[in-house]
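J.: Okay, here's the structure, questions in a sec.
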Amino acid sequence: MALVRRHESLPLRYAAVALALGLVFAGARSHAQVDVPGGPPPVGAVPPQNFPPSPEAAPYVSAPREHVVDIRVVGNNTISREKVLANIGTRVGHPFDQTTYERDIRKLSTQNWFVHVTPRSERVGSGIVITLEVVERPVLQYVKYIGNVKVKSPKTLSKETGLKKGDPLDTFAIQDGARKIESYYQAKGFNSIKVTVLEGTKPGDKGAVYLINEGKIQKFSTVKFEGNSYSIAPDGRLKTLIQSKPPILWLFKGQVDPKKIEEDVEKLEIYYRGLGFFKAHIGREYEFNEKEDRVSLVFHINEGPRYQVRNISFLGNRVYPEEAFATQRKLGGGDYFDQNKMNTDIGTVKDLYGSNGYVFADVVAELKFDLEPGVLDVVYQVSEGDQYRIGEISVVIKGDNAHTRHNTVLNRLSMRPGDIADIRDFRSSERRLKASGLYNVDPSKGETPRIVFSPPDPESVASRKRASGKRTGDPDSFRGQSPDDSVDVEPNLAAGSFFSRPNEPRQGPGGWVDGEPDRASDGVILWPTNLPTGKYERSAPMPVQSLAPARYRQLPARVMPRQTNPMQPDGSVVRG
931 MALVRRHESL
941 PLRYAAVALA
951 LGLVFAGARS
961 HAQVDVPGGP
971 PPVGAVPPQN
981 FPPSPEAAPY
991 VSAPREHVVD
1001 IRVVGNNTIS
1011 REKVLANIGT
1021 RVGHPFDQTT
1031 YERDIRKLST
1041 QNWFVHVTPR
1051 SERVGSGIVI
1061 TLEVVERPVL
1071 QYVKYIGNVK
1081 VKSPKTLSKE
1091 TGLKKGDPLD
1101 TFAIQDGARK
1111 IESYYQAKGF
1121 NSIKVTVLEG
1131 TKPGDKGAVY
1141 LINEGKIQKF
1151 STVKFEGNSY
1161 SIAPDGRLKT
1171 LIQSKPPILW
1181 LFKGQVDPKK
1191 IEEDVEKLEI
1201 YYRGLGFFKA
1211 HIGREYEFNE
1221 KEDRVSLVFH
1231 INEGPRYQVR
1241 NISFLGNRVY
1251 PEEAFATQRK
1261 LGGGDYFDQN
1271 KMNTDIGTVK
1281 DLYGSNGYVF
1291 ADVVAELKFD
1301 LEPGVLDVVY
1311 QVSEGDQYRI
1321 GEISVVIKGD
1331 NAHTRHNTVL
1341 NRLSMRPGDI
1351 ADIRDFRSSE
1361 RRLKASGLYN
1371 VDPSKGETPR
1381 IVFSPPDPES
1391 VASRKRASGK
1401 RTGDPDSFRG
1411 QSPDDSVDVE
1421 PNLAAGSFFS
1431 RPNEPRQGPG
1441 GWVDGEPDRA
1451 SDGVILWPTN
1461 LPTGKYERSA
1471 PMPVQSLAPA
1481 RYRQLPARVM
1491 PRQTNPMQPD
1501 GSVVRG
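No gaps in the numbering here: position 293 of the sequence shown is 1223 in the working numbering, and each next residue is one more.
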């Protein structure tokens, strides 16, 4: 037993001996490397070198910034120093900043207070003193109106001129104020008004003084038309187009306004051109009474020839032949030109395209006049655009009180995702929303229900193309079809009502989800417009399930019912 213990202690003794030997050798080596005074340096040692301290090695200490001791304003009489200091960024007692200093000088130079600003800065023992030498612009010490009897309030005239005490004395603004006063009086019927500037345009003037000679107020006694064809443009129809009319009961309104008379002449010419009288000319004549306070206005009308339509043609139409437009056309060859009928035909062609998915089709009419007088040709330039299906339908309900469900909007829509876009459905759905009584329909109280549709974002279409056909169950994949040519239209329905619930649960294609209406937009499928005839259905949109809260995720995804493709092989549309 003792032999066994003796053999067990041998490794410990060997380890102790090895440790002692290591300490001895380490001490001898360190003693050999100690520098001996006057002896040679050890092998491999680098002799010490005494270099002067490098300036780069010294720590960087920024120079202290000088403070602004004082800001002086010289040459100011009406603009106080405090007002100047309140409009600059440089402050007394703060560090001086050159950028702020230059910006302050530019700001003072651009204001109407001074004609010229000369800055100076000098260093004193404790900092910097800034001196601003200014040349003040004269200011209006008063604005007076003399002779105003019918318009007694000076505030009314000051509102028209835009001048008040303390404003810069600008001679051009004062002269323009006289013109504005005359225009104001003329609109009130004072056509013999004359305004003279007594003070404000000469050197040394300190204010503006206007002398007003109002004259007599003039009103219409009668308004007549001469030269018009009663079968085409009777007097009663022309009177509805103009603003110049005799006073009501000889008491109210009826003032003579030359500006309104010129506008009436322009309206009459536009009306005659719309009826085909492209060379019509309108003149006016004034007849005054003895007191010159009553005016009889006469419109002299030279109608000229009325143009007839010779030919009607369409350019750019590929989907529909020209014969498809002839059956519903109001304006035909041989008829007198009528602007209203032409506009109706343009709307009919747009509706024909818009009912088949071409909701962005545009039609522009161009009139071509021939050398033969009284004859013209009408050419309709058609821009068909692309055909669209309904893609995403987003409901936006605005208001303060939130308790209106989105289903109240969706149930009144005639369109569903995947349908061929129909402009008529948009209009009828909007009418139903306004007639429902649930939303505001008064424009003066807020936004009314409206349907806004727009083409898809090109970037989103490209991303959908790249992601299509890569995995089953993807919301952008179709059974046996490739959505490479898919486009969508997104009706953004803003129902401006007094009720809203931005966080109410709503039912999307994949179940019930919470949050804003656009939170389920990733689960809506874009359907291409080139699907063949037959049945198709869309797969369950998985992203909607991931957006739903935990309490809704156990609900199964809803699958759209099978629908018949309304597009036929010949390109026609079958509407259910």
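Note that beta-carbon positions come from the ideal geometry of N, C-alpha and C, so glycine has one too.
All values reported here derive from a predicted model rather than from experimental measurement.
Please state whether the Cβ-Cβ distance between THR1020 and ASP1034 is less than 8 Å.
T.: Less than 8 Å divides the Cβ of THR1020 from the Cβ of ASP1034.
J.: List the endpoints of the continuous beta strand (DSSP E) containing VAL1239.
T.: Looking at the DSSP string, the run of the beta strand (DSSP E) that includes VAL1239 is 1238-1245.
J.: Residue range of the alpha helix (DSSP H) that ASP1165 falls in?
T.: 1165-1169
J.: Name the two residues that bound the continuous alpha helix (DSSP H) containing LEU1363.
T.: Element bounds for LEU1363: 1353-1365.
J.: With 16 other CB atoms within 10 Å as the buried threshold, where does VAL1489 fall?
T.: Note that VAL1489 scores a pLDDT of 33, beneath 50, so its modelled location is shaky; the value from the coordinates is reported in the next line. When all chains shown are included, VAL1489 counts as exposed.
J.: How long is the line joining the alpha carbons of LEU1368 and ARG1342, rounded to whole angstroms?
T.: Taking the straight line from one Cα to the other gives about 12 Å.
J.: Ends of the beta strand (DSSP E) at GLY1213?
T.: In the DSSP assignment, GLY1213 falls within the beta strand (DSSP E) that extends over 1211-1218.
J.: Is the segment 1281-1288 in contact with the segment 1212-1220, if contact means three or more CB pairs nearer than 8 Å?
T.: no
J.: Please list, in chain order, all residues of the same chain as THR1101 whose beta carbon is under 6 Å from its beta carbon, the five residues on each side excluded.
T.: The beta carbon of THR1101 sits closer than 6 Å to those of THR1131, all from its chain and outside the five residues before and after it, given in chain order.
J.: Taking all protein chains shown into account, decide if TYR1160 is buried (16 or more other Cβ within 10 angstroms of its Cβ) or exposed.
T.: exposed
J.: Expressed to the nearest angstrom, what Euclidean distance is found between the alpha-carbon atoms of VAL1312 and ALA1254?
T.: 14 Å
J.: On the CB-based measure, 16 or more other CB atoms within 10 Å of its CB, does PHE1155 come out buried or exposed?
T.: buried
J.: Please state whether the Cβ-Cβ distance between LEU1038 and ILE1058 is less than 8 Å.
T.: no
J.: Exposed or buried, ASP1387, counting other C-beta atoms within 10 Å across all chains shown (16 or more means buried)?
T.: Burial call: exposed.
J.: What number of angstroms, rounded off, separates the C-alpha of THR1126 from the C-alpha of ARG995?
T.: 58 Å
J.: How about GLN1238 and GLY1204: are their beta carbons less than 8 Å apart?
T.: no
J.: To which residues does DSSP link SER1226 through a beta bridge?
T.: For SER1226, DSSP records a beta bridge to THR1152 and GLU1217.
J.: Can you find at least 3 beta carbon pairs, one from the segment 1220-1234 and one from the segment 1143-1153, that sit closer than 8 Å?
T.: yes
J.: Could you tell me the distance, in whole angstroms, from the CA atom of ASP1106 to the CA atom of ALA1117?
T.: 17 Å
J.: If ILE1242 sits next to GLN1185, beta carbons under 8 Å apart, how far is it from one beta carbon to the other, in whole angstroms?
T.: That pair is no contact at about 46 Å.
J.: Considering only the beta carbon of each residue, do ILE1323 and ALA1351 sit closer than 8 Å?
T.: no
J.: Does DSSP classify TYR1369 as helix, strand or coil?
T.: Here TYR1369 sits in coil by DSSP.
J.: Could you tell me whether the segment 1063-1079 touches the segment 1043-1053, using the rule of 3 or more Cβ pairs below 8 Å?
T.: Remark: three or more beta-carbon pairs, one from each stretch, lie closer than 8 Å, so the segment 1063-1079 and the segment 1043-1053 are flagged as touching.
J.: If you run the structure through DSSP and keep just helix, strand and coil, what is SER1088?
T.: helix
J.: Just to confirm the assignment, what range does the beta strand (DSSP E) spanning LYS1013 have?
T.: Taken as a continuous stretch (DSSP letters only), LYS1013 belongs to no beta strand (DSSP E), being part of the alpha helix (DSSP H) at 1011-1015.
J.: Examine chain D for any beta-carbon lying closer than 8 Å to the beta-carbon of VAL1326, and answer yes or no.
T.: Within the model displayed, chain D is absent; a lone protein chain is all it includes.
J.: Quick one: what's got a C-beta closer than 6 Å to ALA1163's C-beta in the same chain, skipping five residues either side?
T.: none
J.: Check whether the Cβ atoms of ILE1111 and ALA1138 lie closer than 8 Å to each other.
T.: no
J.: Looking at VAL1289: is its Cβ nearer than 8 Å to the Cβ of ILE1191?
T.: no
J.: Are the CB atoms of ILE1123 and ASN1078 nearer to each other than 8 Å?
T.: no
J.: Give me the DSSP bridge partner(s) of ILE1058.
T.: VAL998 and ARG1053
J.: Distance, Cα to Cα, TYR1140 vs ASN1007?
T.: One C-alpha to the other measures close to 26 Å.
J.: Assign GLY1096 to buried or exposed, taking buried as 16 or more other Cβ atoms, counted over all protein chains shown, within 10 Å of its Cβ.
T.: exposed
J.: Alpha carbon to alpha carbon, how far is GLN1173 from ILE1076? Give it in angstroms, no decimals.
T.: 32 Å
J.: So the alpha helix (DSSP H) PHE1102 belongs to, where does it begin and stop?
T.: That run of the alpha helix (DSSP H) goes 1101-1117.
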